[in-house]
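Numbering-wise, numbering that gives the first Met the number 0 puts 201 at position 202 of the sequence shown, and it's gapless, one number per residue.
Before any comments, here is the structure.
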Amino acid sequence: MKLKLLVCCHKEDTKVENEYYLPIHVGKSNSEKDLNIIGDDSGDNISFKNASYCELTGMYWAWKNLKNTDYIGLCHYRRYFDFSKTPFSLPSKTINGNTFSKLEFGIPQNIIEDLQNGKVILTRKKSSKLSLYADYCLWHNSEDIRILEDIINEYCDEKYSVAYRTIMYGNEFSPYNMFLMSWKEYDTYCEWLFSLLNKVETSINISNYNSYQSRIFGFMAERLLNIYVEANRLDVKEYPVLFISNENSEDPSYIMHTIKNQYNKVISKLLNLKRA
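Have a look at this one:
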């Protein structure tokens, strides 16, 4: 059995690298850095689209170029599945770099058995105070998500339209585009995902988007992974995420993460006051 978890990296930092974890430099074709790890710019690739496709350029590279793999997954250099037996109830836990460096990152036997039994591993669900549709409209361009819905309705089987409504008008999803699944499922998922995003890409002009909003297809894919799983009734096991603290306060994703957390706290207080 051969299992690989892609570790998406775009700069030099602490990362896991062992027989299971494969660090990959995403967006390498647009980078002047040499991280001394494999890049997503060889063979059949979309590395040049990294500004808008984010970690998906690493996913695409693996889909087209990684051979002889039975199970495939994705995580980030600052986000990893917590497969340990230490329970905690929240979707994620933040740790510092010193704690991270002392942890063991293997793949437990129970995870391997779950994969062999057809299960898909996703991150533990996060809840929003709003529907995922309303949340997307709040933080991104609302017209974009309507275009995505129209394309799903036009080009996909009805089960995906039903799943879109279930996921997008609910308020929970597994974030970060993190997963672990069989290669067979991955191949089917990638075929669906990249075909769909290609149609969306030709329908939206993002030339005036700022660097954060330009990450549109990565944001959409977070929702689409959940839609795919729902539509195909996949057997899912959820695991929490270890988030390695980011001290770079200028990182757009870190800034938006902080703003969203504060926003959710305010909404919660307002809802509690209304109930009182």
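Every residue gets a Cβ at the ideal spot worked out from N, C-alpha and C, and that includes glycine.
query	result
Closest by C-alpha distance to residue 84, when choosing among 78, 104, 97	104
Residue interval of the beta strand (DSSP E) (run including residue 82)	First-last for residue 82: undefined, no H or E at that position.
CB contact flag (residue 44, residue 25, <8 Å)	no
Helix, strand or coil at residue 147 according to DSSP, with G and I counted as helix	helix
Assigned secondary structure, residue 106 (DSSP; H/G/I helix, E/B strand, else coil)	coil
C-beta contact flag for residue 28 and residue 51 at 8 Å	no
Candidates 18, 6, 96, of which the one nearest residue 57 by Cα	6
Own chain, CB closer than 7 Å to residue 225, minus 5 neighbours either side, in chain order	166, 172, 173
Sequence ranges, beta strand (DSSP E) only - wholly within the stretch 169-211, length at least 3	178-181
Integer Cβ distance of residue 146 from residue 205, believed to fall under 8 Å	Contact flag wrong, Cβ pair sits at about 12 Å.
One or two residues paired with residue 126 in a DSSP bridge	171
Reduced DSSP category for residue 13 - H, G, I as helix; E, B as strand; rest coil	coil
Pairwise C-alpha distance: residue 121 and residue 241	13 Å
Extent of the continuous alpha helix (DSSP H) run through residue 136	131-138
Selection from 128, 20, 132, 39 that minimises the alpha carbon distance to residue 78	20
Opposing strand residues paired with residue 242 [DSSP bridges]	78, 93
Counted within 10 angstroms of its Cβ, other Cβ atoms place residue 12 as buried (16 or more) or exposed	exposed
Three-state secondary structure (DSSP) of residue 45	coil
Alpha carbon of residue 141 to alpha carbon of residue 215, nearest angstrom	11 Å
Coarse secondary structure for residue 65, derived from DSSP in three states	coil
Pairwise C-alpha distance: residue 60 and residue 41	8 Å
Within 8 Å, strictly: CB atoms of residue 180 and residue 71	yes
Cβ-based neighbour list, residue 190, same chain, cut-off 6 Å, excluding 5 preceding and 5 following	none
Helix, strand or coil at residue 25 [DSSP, three-state]	coil
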